[in-house]
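Reading through the structure tokens given below for one structure.
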Amino acid sequence: MSKRKVTKAIFPVAGLGTRFLPATKSIPKEIMTLVDRPLIQYAIDEARAAGIKEFIFVTSRGKSALEDYFDRAPELESSLKKAGKEQLLDILKDTNMDSGAIAYLRQDRPLGLGHAVWCARRMIGNEPFAVLLPDDVIAAEKPCLQQMVEAYEQTGGNMVAAMEVPPEKASAYGVLDIGEDMGSIVKAKGMVEKPKAEEAPSNLAVIGRYILSPKVMTNLNKMKHGAGGEIQLTDAIAEEVANGEVYGFRFRGQRYDCGSKAGFLQATVAFGLARPDLRDEFNAYLHDMVALQKAAQ
Ligand code: UTP
């Protein structure tokens with residue numbers, strides 16, 4: 019069981035983002051803003067906190083705004099400097115990446131999450147790696163991937179972030195078949211992508227954070243098409259169950275599905291209310307809105 023340090027992360031951002039059309043016709047979903055930061059910034063900050071040093075983006079046509087976001091903005095920086103706006107300059111610093119720390123690869127066709135991850139195989143080589151889906155935003159005291167890296171130090175193998183969902187919702191996720199339940203860590207004896215409601219092995223669903231062994235890349239080489247005709251990451255991870263090396267991790271935190279409109283709105287409310295500079299005004303507004311809604315019913 020290999021337990022090497024995890025320093026590389028893949029961010030698959032090549033999806034079409036059809037649930038957010040027409041916005042995503044010209045704006046990558048990952049650039050959409052939660053309060054004042056694009057989704058991708060939350061994922062990058064989480065990865066940094068977990069000790070990630072190499073950031074690999076799997077992109078596609080029409081995602082250049084994402085690449086620009088991590089570039090320096092010399093004109094903006096010098097004008098802020100001249101105006102003495104140090105606080106804004108600090109905020110901008112978080113968006114800069116060291117030279118060589120970030121790489122962009124193209125997925126030529128949206129063949130699925132598994133295929134997007136496979137596109138990064140040469141950069142991963144023979145090392146364990148993390149995968150973060152930026153549209154899953156997780157509010158947590160200790161960032162989710164950091165919690166996972168700490169748990170992974172005990173287990174090695176492959177680890178997926180997991181959370182209990184209402185049974186009727188399980189068929190929207192990858193679902194774990196629980197072998198041994200050790201509390202926050204669960205050893206899986208199976209894993210299935212989007213099972214039919216009556217066939218879901220549990221209600222422990224996999225969400226968009228993974229720490230994977232390079233064997234998963236080898237499994238992806240087979241290019242097997244799974245649920246929905248896509249090349250599924252879940253299937254490639256599930257192959258490692260036979261080796262007893264797949265763990266679910268019940269993270270501490272709240273996950274928001276920012277790939278869906280309702281989830282994005284919920285996250286906007288939660289993150290808005292968590293911001294000291296916005297909380298009071300926003301809270302008062304929400305109260306008024308709720309009162310108005312009730313009165314109209
Ligand atoms: P989603 O299932 O959310 O698909 O992908 P999507 O295309 O982004 O959005 P909808 O469903 O059309 O609205 C989950 C993650 O996998 C990436 C997406 O960019 C997202 O981060 N992905 C998906 C790829 O990189 N390539 C693919 O072929 C499919």
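Quick note on numbering: the sequence shown equals residues 19 to 315 in my numbering. All residues carry an ideal CB built from backbone N, CA and C; glycine is no exception. Computed from a predicted model, the values in this text were never measured in an experiment.
Sub-8 Å separation of residue i and residue j beta-carbons
i      : j      : result
Cys276 : Leu52  : yes
Ala206 : Gly266 : yes
Ser220 : Arg268 : no
Ala245 : Lys214 : no
Cys137 : Arg227 : no
Leu230 : Phe147 : yes
Ala65  : Ala121 : no
Ser278 : Arg37  : yes
Met177 : Ala169 : yes
Arg90  : Asn114 : yes
Arg22  : Glu145 : yes
Whole-number beta carbon distance between residue j and residue i, since they are thought to touch under 8 Å
i      : j      : result
Leu57  : Val155 : 6 Å
Ala179 : Val224 : 7 Å
Gly130 : Ile249 : 4 Å
Ala254 : Gly132 : 6 Å
Asn237 : Glu257 : 5 Å
Gln172 : Ala68  : 15 Å between Cβ atoms; not a contact.
Gly208 : Val149 : About 20 Å separates the two Cβ atoms, so there is no contact after all.
Phe73  : Ala32  : Going by Cβ atoms, the distance from Phe73 to Ala32 rounds to 15 Å, so no, they are not a contact pair.
Pro30  : Ala134 : 4 Å
Arg273 : Met181 : 6 Å
Ala218 : Pro185 : 7 Å
Met50  : Ala41  : 7 Å
Asp112 : Gln59  : 7 Å
Classification of residue i by the beta-carbon crowding that lies within 10 angstroms, buried from 16 upward
i      : result
Met200 : exposed
His305 : exposed
Gly192 : buried
Thr77  : buried
Pro152 : buried
Gly143 : exposed
Arg297 : exposed
Asp195 : buried
Glu93  : exposed
Ala83  : exposed
Gln311 : exposed
Met235 : buried
Lys81  : buried
Val167 : buried
Ile109 : exposed
Val24  : buried
Pro46  : buried
Glu85  : exposed
Val204 : buried
Where the alpha helix (DSSP H) through residue i begins and ends
i      : result
Val53  : First-last for Val53: undefined, no H or E at that position.
Pro232 : 232–238
Tyr87  : 82–87
Phe75  : No alpha helix (DSSP H) contains Phe75, which is instead part of the beta strand (DSSP E) from 72–77.
Ile255 : 251–256
Tyr303 : 297–314
Val287 : 279–291
Glu171 : 162–173
Ala134 : 131–136
Ile142 : 139–142
Where the beta strand (DSSP E) containing residue i begins and where it ends
i      : result
Ala180 : 176–182
Tyr122 : 120–124
Leu150 : 147–150
Pro30  : 26–30
Tyr274 : 272–275
Tyr265 : 264–268
Ile203 : 203–211
Ile45  : Segment: none, Ile45 is in no beta strand (DSSP E) and carries neither H nor E.
Proximity test, Cβ basis, 8 Å: residue i and chain E
i      : result
Ala223 : Any reference to chain E falls outside this structure, which holds one protein chain only.
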